[in-house]
Amino acid sequence: MVTGGSRGIGRAICLALARAGDVVAFNHFDPDESAAEETLELLEAKGVACEGQRFDVSDPEQVRQYIDHLVDTYGRLDVLVNNAGITMDALMVRMSLEQFERVIRVNLVGAFVCLQAAAKVMMKQRSGCVVNVASVVGAIGNVGQANYASSKAGLMGLTKTAARELAARNVRVNAVAPGYIETAMTEAMPQRAQEAMKAMIPMGRAGQPEDVADVVAFLCSDEARYLTGQVVHVSGGMYM
Ligand SMILES: NC(=O)c1ccc[n+]([C@@H]2O[C@H](COP(=O)([O-])OP(=O)(O)OC[C@H]3O[C@@H](n4cnc5c(N)ncnc54)[C@H](O)[C@@H]3O)[C@@H](O)[C@H]2O)c1
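Residue numbers (my numbering): 31 to 270.
Below is the structure:
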């Protein structure tokens with residue numbers, strides 16, 4: 031299951047995880063179904079079974095219902111990718127409490143709710159893998175993103191704690207921290223901020239959703255079987 035899988039990085043993760051015989055499920059909270067439908071078509075073209083549903087990842091009841099539905103239908107849950115995320119940027123002194131709380135609620139509380147529901151299933155199975163999508167700004171901060179950077183730093187702490195609590199049950203929990211990736215989220219940033227971010231990338235190019243998705247797929251694979259509690263920065267060297 032991938033949260034926020036309708037577009038951008040989440041869609042690329044769905045596609046990177048899609049292997050014959052698997053079921054890829056995702057959720058989203060877009061105003062309409064058009065991007066989600068496109069993702070489903072791309073997954074079907076790869077020959078995997080798939081489904082998508084619209085609900086708010088920060089609503090614990092809906093998350094529980096959906097994870098229950100997946101386990102009832104398919105019998106198990108091997109992978110959870112907490113990718114859903116939003117921004118509501120403003121300089122810290124001007125940021126409203128509502129702006130701060132909403133971003134924490136979706137990005138951090140939402141991930142916690144999904145992780146908790148999935149962990150119960152995975153602990154029983156004695157296998158599973160979780161990847162949280164954090165951000166480079168959770169490690170270095172960013173002007174205008176007090177809410178977002180706090181949520182992403184929180185995700186890193188959540189990742190390490192869950193990794194310690196679940197390791198003995200053969201459940202691995204890692205995070206990726208993307209840098210500047212070209213998606214609808216970064217397209218919405220003011221042009222000046224986009225240029226400033228790009229200027230911070232040693233590799234000299236913006237990232238693509240697939241750059242992140244391939245690392246997520248690796249973290250979920252058997253090749254990464256001895257890897258847990260790590261935050262892998264996928265940022266062209268923005269953070270090192
Ligand atoms: N684009 C970047 O440069 C960048 C950098 C670092 C981290 N990230 C993180 O990567 C993740 C994906 O970002 P993106 O750039 O693809 O963004 P995007 O805006 O293109 O896609 C976000 C996805 O999350 C879903 N979503 C939003 N709010 C939700 C909610 N309340 N419940 C369920 N789903 C919800 C949307 O429907 C969509 O599917 C986010 O967590 C983001 O913070 C992105």
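We put the CB at the ideal spot given by N, CA and C, even for glycine.
Since the model is a prediction, treat every value here as computed from it, not as a measurement.
- If you look at residue 224, you'll find it isn't in any beta strand (DSSP E); it sits in the alpha helix (DSSP H) that goes 221-228.
- Considered as a whole, the stretch 161-248 harbours 201-208 as its complete beta strand (DSSP E) runs of no fewer than 3 residues, in chain order.
- Looking at the DSSP output, residue 65 sits in no beta bridge, so it has no partner there.
- Exclusion of residue 223 from the 7 angstroms shell around ligand 1 follows from its C-beta lying no nearer than that to any non-hydrogen atom of the ligand.
- For residue 265, same chain residues with a beta-carbon under 6 angstroms away, outside a window of 5 residues either side, are 166 and 209 in chain order.
- Under the three-pair Cβ rule at 8 angstroms, the stretch 82-97 counts as touching the stretch 135-145.
- Checking the DSSP bridge columns, you'll see residue 83 partnered with 57.
- Here the C-alpha atom of residue 77 lies approximately 33 angstroms from the C-alpha atom of residue 218.
- The three-state secondary structure of residue 120, taken from DSSP, is strand.
- Minimum Cα-Cα distance from residue 42 among the listed residues 239, 251, 254 and 96 corresponds to 239.
- Distances from the CA of residue 170 to each of 81, 47 and 263 were compared; the closest alpha carbon is that of 263.
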